[in-house]
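Note sheet for the following structure.
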Ligand SMILES: Cc1cc2nc3c(=O)[nH]c(=O)nc-3n(C[C@H](O)[C@H](O)[C@H](O)COP(=O)(O)OP(=O)(O)OC[C@H]3O[C@@H](n4cnc5c(N)ncnc54)[C@H](O)[C@@H]3O)c2cc1C
Ligand code: HEM
């Protein structure tokens, strides 16, 4: 696909133009304003199609994607329409490599990918709703741009500590974003999220500055592999940066509930001391549980007093406190932090299969 790379943006625009002109009924499934992330669908199609012979690796990803598409209102008969426009866009922008052979290969690949998604969605219909409605029951502003939003789903919402969901607000219909659960499953069924309003962010801005108790949002199914393996006694080394501390807090609660005294070392990274918006509950948990240690790491310098932070970057702090031989690692936060954290851990000898993090763009960009 070397021919497509340099013109990927044009291919994406052309693909959607074809789709909406030929199948105007599909326009209503997509957000009113197609933002910068509109190329996710197209990139995933290209990547999945290129990796189609590696079906084992792709099946989990595609099954999850297919189940997740139920919330968009995607139906089996939509797949041929998307496939036909994908071929149309490729034929136009890869004229040198396009021909009957390339077309046959793409039809084969697209059909295989679609079938996995369609089958997974169909199997999911009997066991799970396409989406959940959830009412905001509390909204707590922790800093000028970070809020803890707690919601009550209209039906039981099964998930595991460390996972995330997709969320749509009433102010940006059909615009879905990912947010991590900030606590382990609770007996009252409530779900909490820590949301940071990013500059000009559509969904995060609405959740932090606009959402109030009584507002109703929609949730997609849970996802993510950053969950605790309760069959081992390995320690847990957790790195959470910014609101990436939310799923780490859920993991702490999960380990506490399982009652096993596994060592758990949490490094909580933030730019400044005042960005450590969730430090108090974590320090309270650390005082209660002798197996838990919580170390705040502040980029702009140490914070004294009870918080007693380390100054610097998360990966350096983690290197300083190792070795982490009998530990599994969990990382959550901005992509750059996760990448440098993984590098630091692997550099200190931790095997990659002991490192868990969710960075969903990974598979999509793998084939770029
Ligand atoms: C697995 C996963 C879990 C996540 N969990 C959480 C969570 O628990 N809490 C949370 O607050 N967020 C979380 N996010 C990020 C979240 O999904 C959104 O990307 C984020 O809230 C921005 O969405 P938006 O619609 O407000 O911004 P958009 O409208 O998508 O973006 C607006 C502008 O901001 C830029 N931008 C996007 N993200 C950032 C950023 N982080 N910093 C600076 N600029 C940015 C964009 O490039 C764009 O220019 C998670 C993401 C993933 C992939
Ligand atoms: C093999 C086929 C397909 C693949 C690989 C694919 C892949 C993707 C991916 C990766 C995303 C990004 C968000 C997410 O992870 O859910 C996405 C979003 C979306 N897809 Fe698909 N998709 C396929 C087919 C379809 C079909 C047939 C439809 C129905 C017309 C559809 C409708 C949508 C919609 C509405 C979105 C949300 C768009 C947005 O948020 O801007 N997809 N798709």
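Numbering (my numbering), first residue to last: 449 to 816.
Built from N, CA and C at the ideal position, the CB exists for glycine as well.
> For residue 462, which residues of its own chain have a beta-carbon under 6 Å away from its beta-carbon, when the five flanking residues on both sides are left out?
Replying inline: 537
> Going straight from the alpha carbon of residue 710 to that of residue 704, what length do you get?
Replying inline: 9 Å
>> Beta-carbon within less than 6 Å of residue 588's beta-carbon, same chain only, minus the 5 sequence neighbours each way: which residues are those?
In response: Counting only Cβ-Cβ distances below 6 Å, and skipping sequence neighbours, we find 596.
> What whole-angstrom Cβ distance do residue 616 and residue 666 have, given they're in contact under 8 Å?
Replying inline: 4 Å
>> Once the 5 residues before and after residue 800 are set aside, which same chain residues still bring their CB inside 7 Å of it?
In response: 794
> For residue 522, which option in 579, 504 and 551 has the closest C-alpha, if you only look at C-alpha atoms?
Replying inline: Restricting attention to 579, 504 and 551, the CA atom closest to the CA of residue 522 is found in 579.
> How would you label residue 718, buried or exposed, when you count the other beta carbons within 10 angstroms and need 16 or more for buried?
Replying inline: buried
>> So within the segment 653 to 713, which uninterrupted alpha helix (DSSP H) runs reach at least 4 residues, ignoring any that extend past its ends?
In response: 693 to 706
> How many whole angstroms separate the CB atoms of residue 469 and residue 581, which I take to be in contact at a CB cut-off of 8 Å?
Replying inline: That pair is no contact at about 33 Å.
>> Quick check: what's the CA-CA separation for residue 457 versus residue 493?
In response: 14 Å
>> Helix, strand or coil, according to DSSP, for residue 561 in the structure here?
In response: helix
>> Do residue 712 and residue 610 have their beta-carbon atoms positioned less than 8 Å apart in this structure?
In response: no
> CB residue 566 to CB residue 514, shorter than 8 Å?
Replying inline: Taking 8 Å as the cut-off, the beta carbon of residue 566 is found closer than this to the beta carbon of residue 514.
> In this structure, does DSSP put residue 776 in helix, strand or coil?
Replying inline: strand
> Do you know how far the Cα of residue 742 is from the Cα of residue 687?
Replying inline: 10 Å
> On the three-pair Cβ rule with 8 Å, is the segment 544 to 559 touching the segment 629 to 638?
Replying inline: Judged by Cβ distances under 8 Å, the segment 544 to 559 makes no contact with the segment 629 to 638, as fewer than three pairs qualify.
>> To the nearest angstrom, how far is the alpha carbon of residue 805 from that of residue 570?
In response: 28 Å
>> Would residue 593 and residue 656 qualify as a contact pair, given that the criterion is a beta-carbon distance under 8 Å?
In response: yes
>> So, does the segment 643 to 655 touch the segment 618 to 627, judging by three or more C-beta pairs under 8 Å?
In response: yes
> If we count the other Cβ atoms within 10 Å of its Cβ and call it buried at 16 or more, is residue 466 buried or exposed?
Replying inline: buried
> In its own chain, which residues sit with a C-beta less than 7 Å from the C-beta of residue 792, not counting the 5 before and 5 after it?
Replying inline: 763, 766 and 767
> Comparing alpha-carbon positions, which option in 491, 541 and 561 lies nearest residue 507?
Replying inline: Residue 507 has its Cα closest to that of 561, out of 491, 541 and 561.
> Can you name the residues that DSSP bridges to residue 639?
Replying inline: The secondary-structure analysis by DSSP pairs residue 639 across a beta bridge with 599.
>> Which runs of the alpha helix (DSSP H) at least 4 residues long sit entirely within the segment 568 to 617? Give them in chain order.
In response: none
> How is the alpha helix (DSSP H) around residue 511 delimited, first residue to last?
Replying inline: 503 to 516
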